[in-house]
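Line order of the protein sequences matches chains A and B.
All the letters of the first sequence, read from the start, carry residue numbers 1 to 139 under the numbering used here.
All the letters of the second sequence, read from the start, carry residue numbers 1 to 407 under the numbering used here.
Even glycine gets a Cβ: it sits at the ideal position worked out from N, Cα and C.
Remember, it's a predicted structure, so these values are computed and weren't measured experimentally.
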Amino acid sequence: MTIAEVQEQIVSEFLLFEEWEDKYIYLNEMGRSLPLLEEKYRTDQYVITGCQSKVWLHAEYRDGKIFFSADSDAIITKGIVNLLIRVLSGHTPDEILNADMDFIEKIGLREHLSPTRSNGLTSMIKQMKLYALAFKTKS
Amino acid sequence: MASFPVDKIRDDFPILHQTVYGRPLIYFDNAASTQKPVQVIRAISGYYETDNCNIHRGVHFLSQRATETYEETRKMVQRFIHAASSNEIIFTKGTTESINLVASSFGKQYISPGDEVLISIMEHHANIVPWQQMCLERGARLQFIPIHDNGELNMEAYRSMVKEKTKLVAITHVSNVLGTINPVKEIIAYAHSFGIPVLVDGAQSVSHLGADMQDLDCDFFCFSGHKMYAPMGIGVLYGKEKFLEAIPPYQTGGEMIKEVHTDGTTFNELPFKFEAGTPNVEGVYGLNAAIRYVENLGLENIRKYENEILEYATAKLSEFDDIRIIGTAKEKTSVISFLIGTIHPYDAGVIIDKMGIAVRTGHHCAMPLLERYRIPATVRASFAFYNTAEEVDSLMEAIRKVKKIFG
Numbered sequence: 001m002t003i004a005e006v007q008e009q010i011v012s013e014f015l016l017f018e019e020w021e022d023k024y025i026y027l028n029e030m031g032r033s034l035p036l037l038e039e040k041y042r043t044d045q046y047v048i049t050g051c052q053s054k055v056w057l058h059a060e061y062r063d064g065k066i067f068f069s070a071d072s073d074a075i076i077t078k079g080i081v082n083l084l085i086r087v088l089s090g091h092t093p094d095e096i097l098n099a100d101m102d103f104i105e106k107i108g109l110r111e112h113l114s115p116t117r118s119n120g121l122t123s124m125i126k127q128m129k130l131y132a133l134a135f136k137t138k139s
Numbered sequence: 001m002a003s004f005p006v007d008k009i010r011d012d013f014p015i016l017h018q019t020v021y022g023r024p025l026i027y028f029d030n031a032a033s034t035q036k037p038v039q040v041i042r043a044i045s046g047y048y049e050t051d052n053c054n055i056h057r058g059v060h061f062l063s064q065r066a067t068e069t070y071e072e073t074r075k076m077v078q079r080f081i082h083a084a085s086s087n088e089i090i091f092t093k094g095t096t097e098s099i100n101l102v103a104s105s106f107g108k109q110y111i112s113p114g115d116e117v118l119i120s121i122m123e124h125h126a127n128i129v130p131w132q133q134m135c136l137e138r139g140a141r142l143q144f145i146p147i148h149d150n151g152e153l154n155m156e157a158y159r160s161m162v163k164e165k166t167k168l169v170a171i172t173h174v175s176n177v178l179g180t181i182n183p184v185k186e187i188i189a190y191a192h193s194f195g196i197p198v199l200v201d202g203a204q205s206v207s208h209l210g211a212d213m214q215d216l217d218c219d220f221f222c223f224s225g226h227k228m229y230a231p232m233g234i235g236v237l238y239g240k241e242k243f244l245e246a247i248p249p250y251q252t253g254g255e256m257i258k259e260v261h262t263d264g265t266t267f268n269e270l271p272f273k274f275e276a277g278t279p280n281v282e283g284v285y286g287l288n289a290a291i292r293y294v295e296n297l298g299l300e301n302i303r304k305y306e307n308e309i310l311e312y313a314t315a316k317l318s319e320f321d322d323i324r325i326i327g328t329a330k331e332k333t334s335v336i337s338f339l340i341g342t343i344h345p346y347d348a349g350v351i352i353d354k355m356g357i358a359v360r361t362g363h364h365c366a367m368p369l370l371e372r373y374r375i376p377a378t379v380r381a382s383f384a385f386y387n388t389a390e391e392v393d394s395l396m397e398a399i400r401k402v403k404k405i406f407g
C-alpha cells in the first residue's frame with residue numbers, strides 16, 4: 001500500500017468510533033501492540049525528549065526502504081507512534097520526504113502534535129523525515 | 001464547608017462558567033496560575049479606560065493619578081506582607097525575576113569563590129537555576145538540602161549543612177509539587193544564628209497562607225501576582241532595606257537613575273533603584289484589586305476552606321488502592337500530586353482533560369525533586385477557594401475513566 005492508502009485506511013478505522021473514549025481505547029491497544037524496540041535502542045542516543053513523554057526512534061535502511069522501530073513511555077504517545085510507523089515504515093526516502101501526514105488531522109489527533117503537548121511526537125515526525133533525508137543523501 | 005460562600009465567590013470568576021468538550025470546566029491547575037475575579041479584570045480595563053499613561057515623571061493629571069495608585073499599591077503590599085517600609089517592596093515581573101535579581105545582585109556583592117549557597121531538593125527550577133548560574137560564574141557551590149519520603153524537609157540534614165562558607169539559604173515556603181509547608185521560620189532563625197541571610201520563595205504560599213515579614217524575619221521574599229488572582233507579569237520582591245541598599249542594581253535604564261551624565265550615572269533611591277524601565281502599571285492595578293479581594297474573603301477563611309477541600313480530595317483519592325500520593329507532609333497547602341497505578345501521567349492527563357478537568361501533568365519544573373522520587377512525572381491537582389467538593393467528585397469519576405481505558 002502507498003503512504004496515502006495506509007492513511008486512508010486508518011481514517012476509515014477511526015470513523016467507526018462513536019464515543020471519544022473509543023479512540024483512546026484503540027490507541028491504548030495500538031500502543032500495546034507496537035513491536036518491542038530492541039533494548040539497545042532505548043538509550044539517550046535515540047531519545048526524543050518532550051516535557052510530557054519520551055519517544056525512542058530507530059531507523060534502518062534495507063533495499064532502498066526505511067524501516068522504523070520506536071517506543072514511548074506513555075501509552076497514548078506509543079499508540080500514535082504505532083500509527084506513524086504503520087504509515088511511513090517500509091517506504092523509500094523520497095516517498096517519506098514527500099508524505100503529507102494529513103491523517104492526523106482527519107482522525108482528530110492534531111492536539112497531540114501541538115507544541116504545548118510536548119510529548120515528543122512533533123519531533124518524531126521531523127526526525128523520521130530527517131532519517132529519510134540522511135539515507136537519501138547517503139545512497 | 002457550609003459557611004464558606006463558594007457559590008457567591010464563583011460568580012466573581014467568569015472563566016469558571018463555561019463548558020469544555022461539552023462538560024462544565026473544572027479548574028484544578030491553580031498552583032500554575034489562578035483565575036481572576038471580575039474585580040481584577042475591571043481594575044485592568046478601568047486602568048486603560050481612565051488612567052493609562054506613563055507614571056512617576058508626568059506633571060499632568062493622569063500621570064499623577066496613576067502614580068498615586070501605583071505607589072498606594074506598594075504601600076498596600078507592604079501592609080499585606082507586613083514589611084517594615086514600602087522601600088522594601090520592589091515590583092518585578094514575578095517570582096522568577098525576583099529570584100534572578102537577588103541571585104545576580106546579591107551574588108556580585110557577597111559571593112566569592114569557595115562560598116556555598118544552600119537550597120533544597122524540592123525547589124522549583126526558578127529557585128535552582130539562578131543560583132546554579134550565579135555559583136558557576138562566581139566559583140561558588142550549590143548545595144541541596146534533602147527531604148524525607150513524605151515530602152518534609154530533612155531539618156537535621158539542613159542544620160548539618162549550614163557551614164562557615166554558607167553565604168545564603170534560599171528555600172521555598174511551599175512546594176509546588178508536594179504541597180509541603182516548610183518550617184521557614186525555624187530555618188530562618190537557625191541561619192540567622194550564624195549571620196546567614198535567607199531568601200524565601202513565596203510563589204506557592206502567599207495565596208494560601210499570606211506572609212508576615214516581621215514574623216518570618218526572612219531577608220528576601222518573592223511572589224507572583226498571577227498565582228494569587230492578580231494578572232500575569234507582575235510580582236514582588238521584598239528585601240530588607242539594609243540588603244537592598246547594599247546590593248547593586250539589577251537592570252539599568254529609566255526610572256532607576258538619579259542623574260545621567262556622559263561620564264557616569266548615579267542611581268535612584270529605593271525602591272526605584274530596582275525598577276528600571278516603564279513598569280507594569282496595569283499589573284499593579286490588578287494586584288491592588290487582587291489583594292483587596294483576598295483580604296475581603298479573609299486569609300483565615302480561605303485557608304480553612306482550602307484545607308477542607310484538600311482533606312476531602314485526599315480521602316477520596318485514598319479510596320483507590322492503586323493511587324500513590326507523592327507528598328504526604330503533615331503541613332500542606334491544597335496541592336496533591338499522584339500516580340494512578342503504572343499509568344503514565346501524560347495518558348491520565350489526556351483523559352482527565354477530555355472530562356473537562358484541568359490538571360497538570362509532567363515534572364512541574366522540579367526535575368531534581370522527581371529524580372529524588374525516581375519518577376518522571378506526576379498528575380497534580382491544585383485547589384483554590386472557588387473549587388468545590390462536587391468538582392473533586394468529578395475528578396474521581398475521571399480517574400475511574402482513566403483506569404477503565406488504560407487499566
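Report yes if the C-beta distance between residue i and residue j is below 8 Å; otherwise report no.
i	j	result
B:I196	B:N182	no
B:D347	B:F406	yes
A:G108	A:T77	no
B:N176	B:A366	yes
B:E282	B:Y48	yes
B:D29	B:R303	no
B:G286	B:I111	no
B:I309	B:S334	yes
B:G356	B:R23	yes
For the alpha helix (DSSP H) containing residue i, list its first residue and its last residue.
i	result
A:F68	Element bounds for A:F68: not the alpha helix (DSSP H) but the beta strand (DSSP E), K65 to S72.
B:T96	T95 to Y110
B:Q64	F61 to F80
B:A384	Counting along the chain, B:A384 falls outside any alpha helix (DSSP H), and DSSP gives it neither H nor E.
A:T137	L121 to K138
B:H261	Segment I257 to H261 is the beta strand (DSSP E) holding B:H261; no alpha helix (DSSP H) there.
A:V47	Looking at the DSSP string, A:V47 is not in any alpha helix (DSSP H); the run it does join, the beta strand (DSSP E), is V47 to T49.
B:I343	Looking at the DSSP string, B:I343 is not in any alpha helix (DSSP H), and its letter there is neither H nor E.
Exposed or buried, residue i, counting other C-beta atoms within 10 Å across all chains shown (16 or more means buried)?
i	result
A:T49	exposed
B:Y21	exposed
B:D7	exposed
B:N296	exposed
B:I15	exposed
B:V38	exposed
B:G94	buried
B:H60	exposed
B:D219	buried
A:M1	exposed
B:R380	buried
B:L237	buried
B:A246	exposed
Which of the three DSSP states, helix, strand or coil, is assigned to residue i?
i	result
B:Y21	coil
B:R10	helix
B:T361	strand
B:L270	coil
B:E235	Checking the displayed sequence, the identity of residue 235 of chain B turns out to be Gly instead of Glu. Here B:G235 sits in strand by DSSP.
B:E116	strand
B:Y373	coil
B:D201	strand
B:L178	coil
B:R324	strand
B:H125	helix
B:G349	helix
B:Q35	coil
Can you find the residues in the same chain that come closer than 6 Å, C-beta to C-beta, to residue i, ignoring five residues on each side of it along the sequence?
i	result
B:A329	N150, G151, E152 and T180
B:R65	D51
B:G107	M134 and R138
B:K185	L216
First and last residue of the beta strand (DSSP E) that includes residue i?
i	result
B:K227	Here B:K227 belongs to no beta strand (DSSP E), and DSSP marks it neither H nor E.
B:H208	Careful: B:H208 lies outside any beta strand (DSSP E), inside the alpha helix (DSSP H) at V206 to L209.
B:T166	T166 to T172
A:A59	K54 to R62
B:S193	From DSSP, B:S193 is part of no beta strand (DSSP E); its letter is neither H nor E.
B:Q143	R141 to I145
B:T92	I89 to T92
Here's a check: name, in chain order, each residue in its chain whose Cβ is nearer than 7 Å to the Cβ of residue i, leaving out the five neighbours to either side.
i	result
B:Y312	A389 and V392
B:A290	V40, G225, M228, Y229 and A230
A:M30	G79, N82 and L83
Which same chain residues end up closer than 8 Å to residue i when comparing Cβ atoms and leaving out the 5 residues on each side of it in sequence?
i	result
B:T34	S207, H226, K227, M228, Y229 and A384
B:A276	P249, Y250, Q251, T252, G253, G254, E255 and M256
B:E259	T265 and T266
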